[in-house]
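Since the structure comes first, as structure tokens, the remarks are kept for the end.
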Amino acid sequence: MDLLKAREKPEMLTALELLDKRMTLSYSEKQYMATLSKGFDGEVLFDSFMEKHVFANAIVINDVSLVLGSTSFQIDSIMLTSDTLYLYEVKNYQGNFTNRNTHFLTTASQEIENPLNQLNRTTMLLSKLLRKWHVTLPIKSFVVFIHPTFILYEAKITDPFIFPSQLKHHFDTVNHQSGALTDKVYSLAQKLIKETKKELPYQRQLPCYSFEILKKGLLCSLCGSMNLTITTKKGECRACGQSTPIKELLLSQVKAFRSLFPEVHITSNMMYEWCGKRLTKRRIAVLLNEAFEKTSYGKSTHYL
Numbered sequence: 006m007d008l009l010k011a012r013e014k015p016e017m018l019t020a021l022e023l024l025d026k027r028m029t030l031s032y033s034e035k036q037y038m039a040t041l042s043k044g045f046d047g048e049v050l051f052d053s054f055m056e057k058h059v060f061a062n063a064i065v066i067n068d069v070s071l072v073l074g075s076t077s078f079q080i081d082s083i084m085l086t087s088d089t090l091y092l093y094e095v096k097n098y099q100g101n102f103t104n105r106n107t108h109f110l111t112t113a114s115q116e117i118e119n120p121l122n123q124l125n126r127t128t129m130l131l132s133k134l135l136r137k138w139h140v141t142l143p144i145k146s147f148v149v150f151i152h153p154t155f156i157l158y159e160a161k162i163t164d165p166f167i168f169p170s171q172l173k174h175h176f177d178t179v180n181h182q183s184g185a186l187t188d189k190v191y192s193l194a195q196k197l198i199k200e201t202k203k204e205l206p207y208q209r210q211l212p213c214y215s216f217e218i219l220k221k222g223l224l225c226s227l228c229g230s231m232n233l234t235i236t237t238k239k240g241e242c243r244a245c246g247q248s249t250p251i252k253e254l255l256l257s258q259v260k261a262f263r264s265l266f267p268e269v270h271i272t273s274n275m276m277y278e279w280c281g282k283r284l285t286k287r288r289i290a291v292l293l294n295e296a297f298e299k300t301s302y303g304k305s306t307h308y309l
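Numbered according to my numbering, the sequence shown spans residues 6 to 309.
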């Protein structure tokens, strides 16, 4: 198996997690963050299962975001073999559900959309895009229910669902049916990666925030607490006991700042404020000089 595009944590999820440590999110924002986190965890679990059980000549591309005309669509995972494009929509549902065709029903009588609807739409759009590219590789699409506790009552045998206990058998079948990859398949893989779009600017979808309203301080690398004892070489968390080198603590906060304020220059003064004045400006400047390229000098010094 050749992994050409690894999965990355969604920028929206990363930003919400960063904000959650420095401001109070609303209930709905926390719920949305939890949903994104659960979905990402399921996709990572699927990736590990695929890595363990796929031995075939295959190309795997994760997090594929494509555009057909004015319509955008996303695919969790694509696997290309010698004669088939496998499309996977991964769901990390837990517990008991009942199939009601257009929707699933939870034991609490909550309705959620049948993921088959999304799968059919995505498959149709990808088919049209492949025809536009003059590619004739057939598509086999599946919804993968990855959580081991998931149960779907009244499931139809004809539905393209893969349940946790069936996933290994599915990959075993792929392994036995796959042949040598052709230049045509590699060309399609590169085309899919090239055409994959970045996420929409996630700042537009985030709750309103500014530098002034966010909590300032150094965060524990393990639990996220700001209750740290700072020594010459490290920061020790009073909440969980984690010990982290000072440079690592600072650089993680530089990364967080860049995620939340991508248009703002990194300066020693800015990081002094961002880190809650827990480190001296001189110490911050020394560490930034070691880690980043300095551009300009004097009062306008900032780091790339």
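Glycine is no exception: its CB is placed at the ideal position from the N, C-alpha and C atoms.
- Secondary structure at E268: coil, using DSSP grouped into helix, strand and coil.
- Judged by DSSP in its simplified three-state form, L172 adopts helix.
- Put simply, the backbone Cα of Y158 is about 30 Å away from that of N67.
- Contact between the stretch 227–244 and the stretch 272–286 is established, with three or more Cβ pairs separated by less than 8 Å.
- Scanning its chain for C-beta atoms nearer than 8 Å, with the 5 sequence neighbours on each side dropped, one finds around L18 the residues M38, L41, S42, F45, in chain order.
- A distance below 6 Å between beta-carbons, with the five flanking residues on each side excluded, links L8 to the following residues of its chain, in chain order: V65.
- Your pair L85 and L193 checks out as a contact, with CB atoms roughly 6 Å apart and the cut at 8 Å.
- Closest in C-alpha terms to E16, from the list M276, T272, N294, L265, comes L265.
- Rounded to whole angstroms, the Cβ separation of R27 and L172 is 39 Å, and the two are not in contact under 8 Å.
- When the alpha-carbon of L50 is set against those of L186, H108, N180, K96, the nearest one is in K96.
- Taking every protein chain shown into account, the CB of S301 has fewer than 16 other CB atoms within 10 angstroms, so this residue is exposed.
- For S33, there is no enclosing beta strand (DSSP E); the residue is found in the alpha helix (DSSP H) stretching over 32–58.
- Distance from the Cα of I83 is smallest, within the candidate group F147, T141, T163, V140, for F147.
- Shown here, L256 sits in a helix according to DSSP, grouped into three states.
- Counting C-beta pairs closer than 8 Å gives fewer than three between the stretch 180–199 and the stretch 221–228, which falls short of the contact rule.
- For the pair Y277 and S53, the Cα-to-Cα distance works out to about 40 Å.
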